[in-house]
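Notes follow once the structure below has been shown.
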Amino acid sequence: MNIFASSMLYGGGVFLCIFILHLAVWRVFHIKREILSLLILFILIPLILLLVITILGVYSISENLLIALFYFSISLAYIQTFPAIKENIPSFRIMIYVHSSTLRKKGNLKGVSAKQIEDALTDESLMTMKIQELRSDGLMVLGEDGFTLTSPGKYLALIFYRYRALLGVQEGQG
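No gaps in the numbering here: position 147 of the sequence shown is 218 in this note's numbering, and each next residue is one more.
Below is the structure:
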């Protein structure tokens, strides 16, 4: 097997192991600081493992770099998409509602009206839940003057702000 194929195999194998660990941890424990937990699981633990493997000389430096490049590419993509997959974002909620409604109708292909979707998915508790999650993750705090971002929250907001500007998405759109 060539170096690229083996690096993808090992990097993918490490990702699969960490992903299974991630699922187990999320099912057993109520995780308060999800972003930090994801970074520890998908970045810190594998980084330590990579350093140990490098020190022990299990693979060559070039193999370790390729394994790390492949693994961290997958992991960072997963970390970035995890909140969107996990959350009740409107697009996903609509698709899940329409899918489950059609299943309940046992193949009736009439579909669901826009009014039915609006009635089923109006939910003010979503905003309350998001605020609590931002506070739990240490990205936002409630002070005397209202909510403010912590240093990590400001940094993350700046990344999103600049990324959206790079894409040409205006504030309040997208």
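Backbone N, C-alpha and C define an ideal beta-carbon position, used for all residues, glycine too.
**Prompt:** So what's residue 200 in DSSP terms, helix, strand or just coil?
**Reply:** helix
**Within the stretch 83-132, ranges of the alpha helix (DSSP H) (whole runs, at least 4 residues)** = 105-110, 116-127
**Asked** How about the stretch 82-90 and the stretch 141-160: do they share at least three Cβ pairs that are nearer than 8 Å?
**Response** yes
**Item:** Beta-carbon gap between residue 121 and residue 89 smaller than 7 Å
**Value:** no
**Request:** Report the three-state DSSP secondary structure of residue 238 (helix, strand or coil).
**Result:** helix
**Item:** Three-state class that DSSP yields for residue 79 in the structure shown
**Value:** helix
**Prompt:** Can you name the residues that DSSP bridges to residue 214?
**Reply:** 217
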